[in-house]
Amino acid sequence: MINKREKLQYAYVFALDLVTLVVGVLLAWLITDGLLGRIVPYSVADWVQTLCLLAIAFIMTFLFFDQRENIATRPMGREIKLSIRFNVLMAAVYSTLMLLAKAEMLDSRYFAVAVPLVNAALMPLSHLLLKRVLVRAGNRKGMESLVGILSTKDHAPAVIGELQLDWSKRICGVALLDALPEEMGQTFEGVPIRATFETFMSWIRREALDEIYVDIPMDSGESFIPYLDEMESMGLTVHFRLKVLDRIEEVCCDETSAARLRRELGRCAGGNIVTMGTIELELRDMILKRVMDIAGALVGCLISIPIIAVTAIPLKLESPGPLIFRQKRVGLNGRYFYIHKLRSMYVDAEARKKELMARNEMNGLMFKIEDDPRVTRVGKFIRRTSIDELPQFFDVLVGNMSLVGTRPPTVDEYKQYESHHKRRLSMKPGMTGLWQISGRSDIDNFEEVVKLDVQYIDNWSLWQDVKILLRTIVVVFAGRGAK
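Count along the sequence shown from 1, add 147, and you get the number used in our numbering.
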């Protein structure tokens, strides 16, 4: 199981090495043909065949090498050795393919030798450039994993030092169990102290975090098990250094959780760690899901623009105010973002919500009432037909949402969440989802919503997303489930 850094690095290195090879081929051709004049004229078909075989040799060689090592911490000497090994192997595979294909350019030995030589010189330089780009740009919004550290003053420096070398992680803060209350807000090893022993779980419950690194001294681990169980219920990925790993897995990974957990041994700060967390999507699935989101959002935007333009006229005539309603919501693992809808309510709807709380029909943290007086007549129509949701195609396009996911809660709802409720935020929110196609207006228990969302997350597949999208279309045209 590879982590987020390894997934991103794999894609970046593959793309960069491929571009480097293209530049290497051009330079090799300029040297052998333009400078040395050693290449006889070949047909276009011969060049296409040779370049295709070279591309196949590159891919086969790239797949052979382990790409998990953190490139940002790899010294230049190792880069040179890896480059030499890579290009020697690629040259051998390329030569073998040329022999098997009986390629016409097989006798062009100067070109066959020049390509790996030039590429071997370029790869360490291109990797050096990639290192600098990753270190400088790795903490930009959308790329990084948000990390919290739970430790003590004598254990934390090693963990902080190692995590600071990982370009894919941003340390949001450290909870020091032996810190004094007056040390809150100060920095420790360059990282802000966010919590002490008394407040660390409150911080973890409310902070936008993807991963927690735990490094604390303990004899048996029994006292930590309830905290670990609660963190897992939030959908967080937890890395911890413990001696009694078997005991913890025995207690926390029962038959129910085994299906949705990955358990992996690794090393951090010179010691053993075990990682437990929700199963992450494979890189292939992440790319396919995002491609489907972009393609679907582009089509949705094209369809939505004329519909929104036509709907805007009666909506604005009935109720003055902005056409688009912009509301702060809570997304992936507690990240805040703004969702956009066509305004279906009067402009004072949020202020009147408190007056109507006594009529709430939902058993739990969500708010819903029959014949909501805050909804305009046009608003009732666009809600029933789901036209009010169309601006969210733009939210999907920019990456704040997905076509299929879980419903993003409001900030007020999120602040009332219990720990296990946060698990439904361990996947990017979507325009539609399992809850929406299961008759959302007929579900009056928030725990049932959570159950459906967790079921979707634990059993995710690309095919399931396709089926939910198709069922959503049927539900929308049938006018079921929305009020």
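Where is the CB? At the ideal position from N, CA and C, for every residue including glycine.
Under 8 Å between C-beta atoms of residue i and residue j
i, j, result
"residue 291", "residue 215", "no"
"residue 435", "residue 157", "no"
"residue 219", "residue 174", "no"
"residue 609", "residue 432", "yes"
"residue 351", "residue 359", "yes"
"residue 200", "residue 241", "yes"
"residue 413", "residue 269", "no"
"residue 584", "residue 532", "no"
"residue 571", "residue 545", "no"
"residue 234", "residue 259", "no"
"residue 579", "residue 617", "no"
"residue 271", "residue 226", "yes"
"residue 273", "residue 163", "yes"
"residue 361", "residue 387", "yes"
"residue 244", "residue 203", "yes"
Cutoff 8 Å: residue i Cβ touching any chain D Cβ
i, result
"residue 234", "Looking for chain D here will not work: only one protein chain is present."
Rounded C-alpha distance that separates residue i from residue j
i, j, result
"residue 481", "residue 443", "25 Å"
"residue 607", "residue 484", "23 Å"
"residue 417", "residue 305", "8 Å"
"residue 462", "residue 540", "20 Å"
"residue 94", "residue 600", "With the chain covering 148 to 630 only, the question about residue 94 has no answer from this structure."
"residue 377", "residue 231", "49 Å"
"residue 522", "residue 452", "23 Å"
"residue 466", "residue 490", "9 Å"
"residue 383", "residue 318", "15 Å"
"residue 207", "residue 224", "24 Å"
"residue 593", "residue 555", "13 Å"
"residue 449", "residue 440", "14 Å"
"residue 335", "residue 301", "11 Å"
"residue 527", "residue 470", "15 Å"
"residue 155", "residue 307", "22 Å"
"residue 332", "residue 339", "6 Å"
"residue 624", "residue 354", "39 Å"
"residue 631", "residue 194", "As shown, the chain starts at 148 and ends at 630. That puts residue 631 outside it, with no answer to give."
"residue 380", "residue 567", "5 Å"
"residue 486", "residue 473", "6 Å"
"residue 213", "residue 246", "27 Å"
"residue 428", "residue 611", "14 Å"
"residue 209", "residue 538", "42 Å"
"residue 192", "residue 279", "39 Å"
"residue 460", "residue 614", "34 Å"
"residue 103", "residue 621", "One cannot answer for residue 103 here, as it falls past the ends of the chain, which runs 148 to 630."
"residue 222", "residue 346", "40 Å"
"residue 349", "residue 275", "41 Å"
"residue 415", "residue 311", "12 Å"
"residue 403", "residue 375", "Interpretation of residue 403 is limited by its pLDDT of 45, a score under 50 that renders its predicted location unreliable; the figure taken from the coordinates is listed afterwards. When rounded, the distance between both Cα atoms is 16 Å."
"residue 255", "residue 577", "55 Å"
"residue 406", "residue 464", "No answer about residue 406 holds up, because its pLDDT of 46 lies below 50 and its placement is not dependable."
"residue 447", "residue 492", "23 Å"
Buried or exposed (CB count within 10 angstroms, at least 16 for buried), residue i
i, result
"residue 205", "buried"
"residue 552", "buried"
"residue 373", "exposed"
"residue 563", "exposed"
"residue 165", "exposed"
"residue 295", "buried"
"residue 211", "exposed"
"residue 160", "buried"
"residue 369", "exposed"
"residue 543", "buried"
"residue 476", "buried"
"residue 581", "buried"
"residue 328", "exposed"
"residue 342", "buried"
"residue 320", "buried"
Supposed contact pair residue j and residue i - C-beta distance, whole angstroms, cut 8 Å
i, j, result
"residue 277", "residue 299", "Incorrect: roughly 36 Å between the Cβ atoms, too far for contact."
"residue 560", "residue 488", "Wrong, their Cβ atoms sit about 16 Å apart, outside the cutoff."
"residue 573", "residue 604", "6 Å"
"residue 548", "residue 569", "Contact doesn't hold; Cβ gap of about 18 Å is too wide."
"residue 297", "residue 322", "5 Å"
"residue 250", "residue 197", "6 Å"
"residue 179", "residue 257", "5 Å"
"residue 494", "residue 478", "Not really, about 25 Å apart at Cβ, beyond 8 Å."
"residue 422", "residue 529", "That belief does not hold up - the Cβ atoms of residue 422 and residue 529 are roughly 45 Å apart, past 8 Å."
Practice item. Report the residue ranges of all alpha helix (DSSP H) runs contained in full by the segment 295–329; include only those spanning at least 4 residues, in chain order. Key: 303–310
Practice item. Can you check the segment 559–621 for any beta strand (DSSP E) of at least 3 residues that lies completely inside it and give the ranges in chain order? Key: 577–579
Exercise for review: Only counting runs of 4 or more residues, tell me where the alpha helix (DSSP H) segments fall wholly within the segment 321–386, in order along the chain.
Suggested key: 347–353 and 372–380
Point to revise | Those runs of the alpha helix (DSSP H) which lie wholly inside the segment 428–487 and span at least 4 residues | key: 430–465
**Study point:** beta strand (DSSP E) segments (min. 3 residues) lying fully within the segment 238–298
**Key:** 292–298
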